[in-house]
Structure formats: C-alpha cells, structure tokens
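Asks: Attaching a single structure in structure tokens format; questions to follow.
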Amino acid sequence: MAKIRELSQILTNQIAAGEVIERPASVVKELVENAIDANSTQIDVFIEEAGLKKVQVTDNGDGIAADEVKLAFTRHATSKIYTQEDLFRIHSLGFRGEALPSIASVAKVSIETAVADQSGTYLSIKGGVSGEERPNKSRKGTTIIVEDLFYNTPARLKYIRSLQAELSNITDIMNRIALSHPEIAFRLHHEGNQLLHTAGNGDLRQTIAGVYGTMTAKKMKLIEGENLDFKVKGYISLPDTTRASRNYITLILNGRFIKNYALNKAIIDGYGSKLMVGRYPLAVIVMDADSLLLDVNVHPSKKKSGSAKKKSSGN
Ligand SMILES: Nc1ncnc2c1ncn2[C@@H]1O[C@H](COP(=O)(O)OP(=O)(O)O)[C@@H](O)[C@H]1O
Ligand SMILES: [Mg+2]
Numbered sequence: 001m002a003k004i005r006e007l008s009q010i011l012t013n014q015i016a017a018g019e020v021i022e023r024p025a026s027v028v029k030e031l032v033e034n035a036i037d038a039n040s041t042q043i044d045v046f047i048e049e050a051g052l053k054k055v056q057v058t059d060n061g062d063g064i065a066a067d068e069v070k071l072a073f074t075r076h077a078t079s080k081i082y083t084q085e086d087l088f089r090i091h092s093l094g095f096r097g098e099a100l101p102s103i104a105s106v107a108k109v110s111i112e113t114a115v116a117d118q119s120g121t122y123l124s125i126k127g128g129v130s131g132e133e134r135p136n137k138s139r140k141g142t143t144i145i146v147e148d149l150f151y152n153t154p155a156r157l158k159y160i161r162s163l164q165a166e167l168s169n170i171t172d173i174m175n176r177i178a179l180s181h182p183e184i185a186f187r188l189h190h191e192g193n194q195l196l197h198t199a200g201n202g203d204l205r206q207t208i209a210g211v212y213g214t215m216t217a218k219k220m221k222l223i224e225g226e227n228l229d230f231k232v233k234g235y236i237s238l239p240d241t242t243r244a245s246r247n248y249i250t251l252i253l254n255g256r257f258i259k260n261y262a263l264n265k266a267i268i269d270g271y272g273s274k275l276m277v278g279r280y281p282l283a284v285i286v287m288d289a290d291s292l293l294l295d296v297n298v299h300p301s302k303k304k305s306g307s308a309k310k311k312s313s314g315n
C-alpha cells in the first residue's frame, strides 16, 4: 500500500466541486443563491456559451468586507451558521461554505465586492490558486465572474450536453429562483439576449408575468389555504392553459424551490379528467412552515433539499 497522506486543499475543493458543481447551471444557482442570502434587491446574470465561457452575477447586496474576501473562498468558511443549533434553524439558502471554493477550483474566477461605506476589494483565483488581490473602488454589492468552467477538469467537460440543453437548464433554474423571490428583481442575459426580467416589487402574479408572460399570468387563479403546520398560497392555471411537460409546476417551501413527486401528482390529480392526455398545468405554489419542520441538510447532489421531517411527538 502507498503511504496515507492528507489531500491538498485544491484537491479537496476539486473533489467537492465534483459533487456541487455538476454543470454551468450549478454555478448560476450557487452564485445567485449567495446574492439572495446577501439581501440583494437586484440580481443580474450574464452568461456566454451557456455558461461554459462565462457566468457573471452582479448584485447590490451586503458585499464582503476586505479582510474576509479570501476567507470566503476557503472550504467550510461561511457567515451563515455558527452553531449546531443554527443548523436546525436555517434561514439562508447556503450554509456549507463549499460553493465558492469549489467553483474557484475548476474555473477562472474574479470577484469585485464592497460593503457599505468602505472601499472594495478585487481578487482573482485560477484553478484554486489565488492571484492578484487589491483594493478596488466599487459600489456596495458584489460581482463574481466565472470563466472557462472545467478548463482544468476535461473529464467533467465531457459530461456537458449540448449548449442548448445547458442553457435551458440555466433558464429553468433562474425562472424558479425568480418565482421563489418576487421581492427581488432578476435579469438573465445570454450573449446579449434578455431571457428573463422580473419586476421585483413583491407581487407574485407580476413575477409570473415576467417568467411566463403577461397573458398567461393574468389567466391564472389565486389559491390560498392554511392549517396548523403549513401556509399555502399560489397561482394555478385553468384547464384551458396547459403545457406539454410537468416542468411548469414550481413548488416553493420556505423560500427555496423543491422537487416533490407526491405534491406534483396531487396538483395534477386535482384537475381530474379536465386535462388532455399529455398536457400539464402551470402552477406556482408557495408553502411556508416552521423551519424546525424541515431538514435542509440534505446534500445538494442528493437532489432532495427541503424534504419534510416527521414532527416528533410532544412538539
Ligand atoms: N454575493 C455575495 N454577497 C455577499 N457575501 C457573499 C456573496 N457570495 C458569497 N458571500 C460570502 O461568502 C461566504 C461563502 O460562500 P459559499 O462558498 O457559497 O458558502 P455558503 O453560501 O454556504 O456560506 C458566504 O457565507 C458569504 O458570507
Ligand atoms: Mg453559497
């Protein structure tokens, strides 16, 4: 047997990247979720070549203080949880401190960030190795640019499907994130074309209009209900407005979009025989529950975030 040795930081980050950063859409999701966690009200995403050449996310959020920028790119460094108790009451989208170091280990990354009333910082990192760091005049907020994704992991590049498929993955994720956050204005641009634009005025129907078009949004029906554990609100289409896939059903639990087969089925079943074969409704269902009832600590690669936990007795 060869000698046992501890892996280098770059290697552990690349291994983590293998799980968290599967494709360009994962980069978009992680960066946009960070921008949301930073209390941004405007988030702009610019991509080139379906994100493989470039993903840029610009936000107007809290920014990162000059002495913490490098730390943000260190594995397991996070500002979102500090204690074990926090882990069971997570209110942010992220908390593992894995995304930035993972992304930076498989791409060329630069960041410009500033907190209010302080001069900002510029830092570049290539393949996990920090390059230039300098003070940088910038307004409050953060811009992260990720270029040449997977340039140093050719095996991963091979798994990338067509640019069209990767782009539709990105649009799908952006649409769902935008629907989960009507209070934030989102824009998505691909090589000069605007693919998404939401108003960010807090109105869910107007957000749906930004995603699926005004006509569709106008025709959707408001639903509302609650019991002791859950509050549910949302918009669903009538049987005359359908799509050829289930993809237009979005479930949002405590601010994060989730996938849940049983809920999807329940929504579709609710239409009874009113749907034609192979047609599916549009729906945006917003559910809220006490965060103690949710276990968000399921690894992203397991694709089960937000699974409901059984309530323990006497609770
Ligand atoms: N857009 C951003 N605005 C402000 N802070 C950010 C932004 N992106 C990342 N950060 C900071 O960097 C830290 C590390 O980010 P990340 O690696 O995604 O881990 P996590 O989101 O799990 O904490 C975050 O906890 C946050 O403090
Ligand atoms: Mg994060």
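Take the sequence shown: its position 200, counting from 1, is numbered 200 in UniProt numbering, and each next residue is one higher. Virtual Cβ for every residue (Gly too), placed ideally from N, Cα, C.
1. Report yes or no: do the stretch 69-82 and the stretch 170-177 share at least 3 C-beta pairs separated by less than 8 angstroms?
2. Following a CB-centred definition, is residue 247 positioned closer than 7 angstroms to any heavy atom of ligand 2?
3. Would the stretch 21-33 count as touching the stretch 94-113 if we require 3 or more Cβ pairs under 8 angstroms?
4. Alpha carbon to alpha carbon, what distance is there between residue 57 and residue 48?
5. Which first and last residues belong to the alpha helix (DSSP H) in which residue 194 is found?
6. Nearest by alpha-carbon distance to residue 143: which of 156, 110 and 127 is it?
7. Considering Cα atoms alone, identify which of 119, 238 and 197 is closest to residue 42.
8. Taking the continuous alpha helix (DSSP H) assigned at residue 212, which residues delimit it?
9. What residue ranges within the UniProt domain "DNA mismatch repair protein S5" (208-305) form continuous beta strand (DSSP E) runs of no fewer than 3 residues, ordered along the chain?
10. Output the residue ranges of the beta strand (DSSP E) runs that lie fully inside the stretch 8-72 and measure 3 residues or longer, sorted by chain position.
11. Three or more beta-carbon pairs under 8 angstroms between the stretch 2-19 and the stretch 62-72, yes or no?
12. I'd like the list of long-range same chain contacts for residue 114, defined as Cβ closer than 6 angstroms, with 5 residues on each side in sequence excluded.
13. As an exercise, report each continuous alpha helix (DSSP H) stretch of at least 4 residues that is fully enclosed by the stretch 125-190, in chain order.
14. Quick one: Cα of residue 222 to Cα of residue 208, how far?
15. Look at the alpha carbon of residue 135 and the alpha carbon of residue 122, and state the distance between them as a whole number of angstroms.
16. Give the C-beta separation of residue 175 and residue 211 to the nearest angstrom, bearing in mind that I take them to be a contact with Cβ-Cβ under 8 angstroms.
17. Are there any heavy atoms of ligand 1 lying less than 7 angstroms away from the beta-carbon of residue 46, as far as the coordinates show?
18. Comparing the CB of residue 79 with every heavy atom of ligand 1, is any distance shorter than 7 angstroms?
19. Does residue 102 come out as helix, strand or coil in the three-state DSSP assignment?
20. Please enumerate, following chain order, all residues with a beta carbon closer than 6 angstroms to at least one heavy atom belonging to ligand 2.
21. Given this structure, state the Cα-to-Cα distance separating residue 264 from residue 249, to the nearest angstrom.
22. When you compare only the Cα positions, how much space is there between residue 125 and residue 112?
23. Let me confirm a value: residue 281 is counted as buried when at least 16 other C-beta atoms fall within 10 Å, else exposed. Which label applies?
24. Provide the residue span of the beta strand (DSSP E) that contains residue 112, from first to last.
25. Between the stretch 176-190 and the stretch 150-164, do at least 3 Cβ pairs fall closer than 8 angstroms?
Replies: Checking against the coordinates, here is how it stands:
1. no
2. No, Cβ of residue 247 sits at least 7 angstroms from all heavy atoms of ligand 2.
3. yes
4. 12 angstroms
5. No alpha helix (DSSP H) holds residue 194; the beta strand (DSSP E) holding it covers 193-197.
6. Among 156, 110 and 127, the Cα nearest to that of residue 143 is on 110.
7. 197
8. First-last of the alpha helix (DSSP H) with residue 212: 204-212.
9. Within the UniProt domain "DNA mismatch repair protein S5" (208-305), the complete beta strand (DSSP E) runs of at least 3 residues are 221-226, 230-236, 249-253, 256-258 and 283-289.
10. Whole beta strand (DSSP E) segments, 3+ residues: 42-48 and 54-59.
11. no
12. 63, 120, 138 and 140
13. Here the runs fully enclosed are 154-158 and 163-180.
14. 12 angstroms
15. Whole-angstrom Cα-Cα distance: 6 angstroms.
16. 5 angstroms
17. Residue 46 Cβ: outside cutoff for every heavy atom of ligand 1.
18. Yes, Cβ of residue 79 sits closer than 7 angstroms to a heavy atom of ligand 1.
19. Looking at residue 102 - three-state DSSP - the assignment turns out to be helix.
20. Going by the Cβ distance cut-off, the answer is 30, 33, 34, 94 and 99.
21. 7 angstroms
22. 12 angstroms
23. Per the 10 Å Cβ criterion, buried.
24. Looking at the DSSP string, the run of the beta strand (DSSP E) that includes residue 112 is 108-114.
25. no
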